[in-house]
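Scroll down for the structure; my scribbles are underneath it.
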Amino acid sequence: MTQSQICKFYDGQHVFITGGNGFIGKILVEKLLRSTNVAIIYLLMRTKKGKDVYTRLEELLKNEIFNELKEQDADFKRRIQVIVGDNTLPNLGISISDYQTLISKVNIVFHVAATVRFQEEIKFAYDTNVGMTMAVIDLCKQMKNIKSFMYVSTAYSNCYLQNIDEVFYDNLGFDYKEVRSILNEPDGPEKLTRKILQKWPNTYSFTKALAELVIKDFANNLPTGIFRPSIVISTYKEPLEGWTDSLGGPNILVATIASGFLRFFCCDVRFVVDLVPVDMSVAALLASAWDVHQNYKQGQNNIPIYNYVSSVDNPITYDEFIKLNVMVHTERYPFNNCLWTPRATVLRRSTIVNFLLNTTYHYLPALLVDAVSVLCFKKPRMISKYRKFNTSRYQMEYFMAHEWTFTNTNVKTIWNKMNEADKAIFPFDLKPFNWILYFRNYFKGIRSYLAKEPWQNLVSARIKAKRLKIAHQLLLFIIYFIGMTIFYKILQKTIPLRDLVRYVLFERSRKKKEECLNLLIAGFNFGEVEGGT
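Residue numbers 1 to 533, in my numbering, belong to the letters of the sequence shown in order.
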């Protein structure tokens, strides 16, 4: 079999990764260690929540995604070196000795670190997503043997546009210097946030777009590429089927519906939801770094952008996504810790209906639960949980109410360059992808890795699900019966039903209709009963 060109590119290389503790970063680290012979991976990490970087590294490597790697290479930890840093400090907070090590040894850089919270405060989002990117570029410029620098952005960095190509977009209305100047003003952050939200849905997309222009202006003399994945979700196959530890995007939607917590949301089900599995995204990212190096060797100094999306070759709508998850797998693999039987009402944006359903389906039941908690001398939590969740849901619904058209020519070009060995080790072609098979493992992964539901309780979970379904149907019957009874009594006391039927079904002449209508009005005004005079 032909040797993999991409594996050969990574053989013996020193790789520097930021964001190695994140969702994409974990899979990137694991894939490099398992599928390539990289010499050393340098992970930039910081002390967090009282845990030093070495404790955090041990916790990272205990993750189940490294189990297969441990079987292949029990001593794989020797190829990982922690770099202590802090992105809020000059030179990323890296010590002088570590900084010199990176300058002299690193060949390949993956800048994955970012704050991905949609409602992040603008100053922190700027410092993390833009300021840190500038610091990484400064480091790369000093590296003596750099072969490839990849910046991981998002396909939605320019989401104010409907058509997004693999190019830079300069019409942001701001440049990074102007933004930094505004942020230094006393009321700058609030003023800037108001301006941003007139064009972007959140500070995350804006700062990622700004970071791309920083790359364009300052990394143009480096072998640089920008990787733009769309909505990154659970693994397809590697290293585990359906693995995830991210509660972002569709994952939180499916998890909250399956648990009975979320009863309705706003979405245009006709639109395409652009999803990409994280393991295939990482495979495309690794291939992109190789492609950047190949192009740079051939004298191509432009910065390529890679839109890694599914909507071009294998689109799936929100309607299909909801049916394949909520309507199929919630019954096959129910959660044991379920608040109520899983149901979800989907509607397009409507402020009034949104308010009514949110109150009826979420806040009223939450109020009852909290009232019981108070009576039992427990802390009420449900109302606060719904308030917190709704903040995230409203941000997410922007993307479920819009649709984008992407191009992915550069990604397709890479795939066509790869030999059979490359394609076997780094599969990322989404054209033959089977969504039906994927979503079965996707939902099982949500159940296992996010809801932490053991498979030993599946039988008891199914029994509980049947009981909740019966209780749900019984409750609906009672509510409908009471509602119809009240409606009938009110109608009976206000409008003569005999004349109402005659008016609607039989009277055709205008004169007769007017007579009948007057009779109805009289009945409404004086409370005549049916058949009375």
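We put the CB at the ideal spot given by N, CA and C, even for glycine.
A quick note: this is a predicted structure, and the numbers were derived from the prediction, not measured.
Following the continuous alpha helix (DSSP H) through residue i, name the residue where it begins and the one where it ends.
{"i": "residue 81", "result": "Looking at the DSSP string, residue 81 is not in any alpha helix (DSSP H); the run it does join, the beta strand (DSSP E), is 80 to 84."}
{"i": "residue 229", "result": "Counting along the chain, residue 229 falls outside any alpha helix (DSSP H), though it belongs to the beta strand (DSSP E) covering 224 to 229."}
{"i": "residue 386", "result": "382 to 400"}
{"i": "residue 410", "result": "409 to 417"}
{"i": "residue 90", "result": "Per DSSP, residue 90 belongs to no alpha helix (DSSP H) and is neither H nor E."}
{"i": "residue 368", "result": "364 to 375"}
{"i": "residue 256", "result": "250 to 258"}
{"i": "residue 155", "result": "Counting along the chain, residue 155 falls outside any alpha helix (DSSP H), and DSSP gives it neither H nor E."}
{"i": "residue 439", "result": "435 to 445"}
{"i": "residue 183", "result": "176 to 183"}
{"i": "residue 209", "result": "203 to 218"}
{"i": "residue 594", "result": "This structure leaves residue 594 out entirely; the chain is present only between 1 and 533."}
Among the options, which residue has its Cα nearest to the Cα of residue i?
{"i": "residue 4", "options": "460, 270 and 426", "result": "426"}
{"i": "residue 149", "options": "108, 126 and 78", "result": "108"}
{"i": "residue 134", "options": "63, 208 and 260", "result": "208"}
{"i": "residue 416", "options": "407, 406 and 429", "result": "429"}
{"i": "residue 406", "options": "85, 389 and 310", "result": "310"}
{"i": "residue 64", "options": "85, 389 and 238", "result": "238"}
{"i": "residue 174", "options": "152, 153, 198 and 166", "result": "198"}
{"i": "residue 59", "options": "77, 73, 72 and 71", "result": "77"}
{"i": "residue 112", "options": "27, 200, 313 and 14", "result": "27"}
{"i": "residue 129", "options": "211, 278, 485 and 57", "result": "211"}
{"i": "residue 321", "options": "192, 273 and 293", "result": "273"}
{"i": "residue 117", "options": "217, 206 and 285", "result": "206"}
{"i": "residue 438", "options": "325, 166, 454 and 384", "result": "325"}
{"i": "residue 85", "options": "23, 152, 16 and 143", "result": "16"}
{"i": "residue 392", "options": "220, 170, 248 and 75", "result": "248"}
{"i": "residue 66", "options": "144, 445, 90 and 31", "result": "31"}
Just to confirm, are residue i and residue j a CB contact at a threshold of 8 Å?
{"i": "residue 382", "j": "residue 318", "result": "no"}
{"i": "residue 480", "j": "residue 245", "result": "no"}
{"i": "residue 120", "j": "residue 203", "result": "yes"}
{"i": "residue 233", "j": "residue 442", "result": "yes"}
{"i": "residue 230", "j": "residue 282", "result": "no"}
{"i": "residue 166", "j": "residue 336", "result": "no"}
{"i": "residue 306", "j": "residue 228", "result": "yes"}
{"i": "residue 263", "j": "residue 343", "result": "yes"}
{"i": "residue 40", "j": "residue 81", "result": "yes"}
{"i": "residue 292", "j": "residue 225", "result": "yes"}
Helix, strand or coil for residue i, going by three-state DSSP, please let me know.
{"i": "residue 423", "result": "helix"}
{"i": "residue 163", "result": "strand"}
{"i": "residue 37", "result": "coil"}
{"i": "residue 290", "result": "helix"}
{"i": "residue 430", "result": "coil"}
{"i": "residue 339", "result": "coil"}
{"i": "residue 65", "result": "helix"}
{"i": "residue 7", "result": "helix"}
{"i": "residue 16", "result": "strand"}
{"i": "residue 233", "result": "strand"}
{"i": "residue 95", "result": "coil"}
{"i": "residue 309", "result": "coil"}
{"i": "residue 106", "result": "coil"}
{"i": "residue 193", "result": "helix"}
{"i": "residue 280", "result": "helix"}
{"i": "residue 42", "result": "strand"}
{"i": "residue 275", "result": "strand"}
{"i": "residue 489", "result": "helix"}
{"i": "residue 118", "result": "coil"}
{"i": "residue 321", "result": "helix"}
{"i": "residue 2", "result": "coil"}
{"i": "residue 55", "result": "helix"}
{"i": "residue 47", "result": "coil"}
{"i": "residue 360", "result": "helix"}
{"i": "residue 405", "result": "strand"}
Using the beta-carbon count (16 or more within 10 Å), is residue i buried or exposed?
{"i": "residue 196", "result": "buried"}
{"i": "residue 54", "result": "exposed"}
{"i": "residue 98", "result": "buried"}
{"i": "residue 420", "result": "exposed"}
{"i": "residue 454", "result": "exposed"}
{"i": "residue 88", "result": "exposed"}
{"i": "residue 440", "result": "buried"}
{"i": "residue 106", "result": "buried"}
{"i": "residue 221", "result": "exposed"}
Could you check where the beta strand (DSSP E) with residue i kicks off and where it finishes?
{"i": "residue 132", "result": "First-last for residue 132: 132 to 142, but that is the alpha helix (DSSP H), not the beta strand (DSSP E)."}
{"i": "residue 345", "result": "345 to 347"}
{"i": "residue 264", "result": "264 to 266"}
{"i": "residue 149", "result": "148 to 152"}
Considering only heavy atoms of the ligand MG, does any lie closer than 7 Å to the CB of residue i?
{"i": "residue 201", "result": "With respect to the ligand MG, the structure offers nothing, as it holds no ligand at all."}
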